[in-house]
Amino acid sequence: MTVVVQNNKDKIAFIKGAFSSISTKCTRIYDKGIERLFTSSDKEKIQEICDKFASDAMRVLAFGYKHLDKNSKDIENNFVFLGLVAMEDPPREGVIEAIQKCHSMGIKIIMITGDNKQTATAIGKHLGILTNGIVISGIDLDLMTDEELYRKINNIQVFARTSPEQKHRIVKALKRCGHIVAMTGDGVNDAPAIKEANIGIAMGRGGSDVAKDVASITLADDNFTTIVNAIEEGKK
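For the sequence shown, the positions run 1 to 236 when this note's numbering is used.
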């Protein structure tokens, strides 16, 4: 994401995103009060820091900036790297227990996330979703044919860095395997997968109108545990 800010007479562009993306757009680094060349050695050291944060189940954003003049046409390149922010996003209270209940009822939970592979792996293990299965990234998924995905999908427990098209493809593959698929989501980008699922579940509070329009069920409280409680109630 890039934004341009007018500060008195100065115009400054700020950029944020995954370090793998931001690092390719930065040619300099802000270091001890000065701007200097952003070297490959700098990038390797920062990548190690990103990996450490990710392995601790933290989400990492990288930031950069540059001053613009009246003739600036290329806004998306030649930034100055500023630094990283690592954020902890703990699961809601009761989610881990709800996932355990799902497992005891024979319900398989698959996590589909935009996080990178390392962060997704750490979060999946913490939640008890990733046990003896595998983690697949969006890049890995793009390299698979539909037949390969069909053969492997029962062993995949976490999908990382996935696009809307890939979410839709995952749901189709699970249905092809004979599973009854419930898909949860909140954004416009989740709508195709929610619509494709046997049971589409949208978030009532934070969900987009598009997601709610195509869903079979809308959660009033946006809480995963509500789904599990409803299943328990239905089984009585």
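Each residue gets a CB set at the ideal place from its N, CA and C atoms; glycine is no exception. All values derive from a computational prediction rather than experimental measurement.
Using CA atoms only, rank isn't needed, just tell me which of the options is closest to residue i.
{"i": "Val95", "options": "Leu84, Ser216, Met111, Val85", "result": "Met111"}
{"i": "Ile194", "options": "Cys177, Gly178, Arg169", "result": "Arg169"}
{"i": "Cys177", "options": "Lys152, Ala191, Gln166", "result": "Lys152"}
{"i": "Met203", "options": "Asp190, Asp186, Pro192", "result": "Asp186"}
{"i": "Tyr65", "options": "Asp190, Ile22, Val214", "result": "Ile22"}
{"i": "Asn116", "options": "Phe63, Pro164, Phe53", "result": "Phe53"}
{"i": "Gly114", "options": "Glu165, Lys236, Ile180", "result": "Glu165"}
{"i": "Lys73", "options": "Ala13, Lys43, Lys235", "result": "Ala13"}
{"i": "Ile180", "options": "Ile109, Ala122, Asn7, Leu127", "result": "Ile109"}
{"i": "Lys125", "options": "Gln47, Pro90, Lys235", "result": "Pro90"}
{"i": "Asn132", "options": "Leu149, Glu148, Asn154, Tyr150", "result": "Asn154"}
{"i": "Glu93", "options": "Lys235, Gly234, Asn223, Glu44", "result": "Asn223"}
{"i": "Cys26", "options": "Met1, Lys235, Asp51, Phe63", "result": "Phe63"}
{"i": "Lys235", "options": "Lys101, Lys212, Lys175", "result": "Lys101"}
{"i": "Gln6", "options": "Glu88, Arg205, Lys70, Ile199", "result": "Lys70"}
First and last residue of the beta strand (DSSP E) that includes residue i?
{"i": "Gly206", "result": "Run containing Gly206: none; DSSP gives neither H nor E here."}
{"i": "Lys11", "result": "10-17"}
{"i": "Cys102", "result": "Careful: Cys102 lies outside any beta strand (DSSP E), inside the alpha helix (DSSP H) at 95-104."}
{"i": "Leu219", "result": "217-219"}
{"i": "Asp42", "result": "Here Asp42 belongs to no beta strand (DSSP E); instead the alpha helix (DSSP H) covers 40-55."}
{"i": "His67", "result": "58-68"}
{"i": "Asn7", "result": "2-7"}
{"i": "Val158", "result": "156-160"}
{"i": "Gly83", "result": "79-88"}
How about residue i and residue j: do their beta carbons lie closer than 7 Å?
{"i": "Leu241", "j": "Tyr30", "result": "What is shown of the chain runs 1 to 236, which leaves residue 241 out entirely."}
{"i": "Val188", "j": "Val210", "result": "yes"}
{"i": "Ala120", "j": "Thr225", "result": "no"}
{"i": "Ala173", "j": "Met183", "result": "no"}
{"i": "Ile134", "j": "Ile156", "result": "yes"}
{"i": "Ala86", "j": "Met58", "result": "yes"}
{"i": "Lys9", "j": "Leu68", "result": "no"}
{"i": "Ile217", "j": "Ile231", "result": "no"}
{"i": "Ala191", "j": "Val214", "result": "yes"}
{"i": "Ala122", "j": "Ser55", "result": "yes"}
Let me check you understand the geometry: is the CB of residue i closer than 6 Å to at least one non-hydrogen atom of the ligand ZN?
{"i": "Lys152", "result": "Among the ligands in the structure shown, none appear at all, so the ligand ZN cannot be discussed."}
From what residue to what residue does the alpha helix (DSSP H) around residue i run?
{"i": "Ile227", "result": "224-235"}
{"i": "Arg28", "result": "Here Arg28 belongs to no alpha helix (DSSP H); instead the beta strand (DSSP E) covers 26-31."}
{"i": "Leu141", "result": "138-142"}
{"i": "Val171", "result": "164-176"}
{"i": "Lys152", "result": "146-152"}
{"i": "Thr121", "result": "117-127"}
{"i": "Ala193", "result": "191-196"}
How would you call residue i, buried or exposed, if buried means at least 16 neighbouring beta carbons within 10 angstroms?
{"i": "Gln118", "result": "buried"}
{"i": "Ile15", "result": "buried"}
{"i": "Val3", "result": "exposed"}
{"i": "Gly207", "result": "buried"}
{"i": "Ala220", "result": "exposed"}
{"i": "Gly239", "result": "Only positions 1 to 236 of the chain appear in this structure, which leaves residue 239 out of reach."}
{"i": "Val60", "result": "buried"}
{"i": "Lys167", "result": "buried"}
Quiz item: Using 8 Å as the threshold, is the region 75-87 in touch with the region 139-147, meaning 3 or more CB pairs across them?
Solution: no
Quiz item: For the region 132-139 against the region 157-166, are there 3 or more C-beta pairs whose distance is under 8 Å?
Solution: yes
Quiz prompt | Stretch-stretch touch, CB-based, cutoff 8 Å, three pairs: the region 100-111 with the region 36-45 | solution = no
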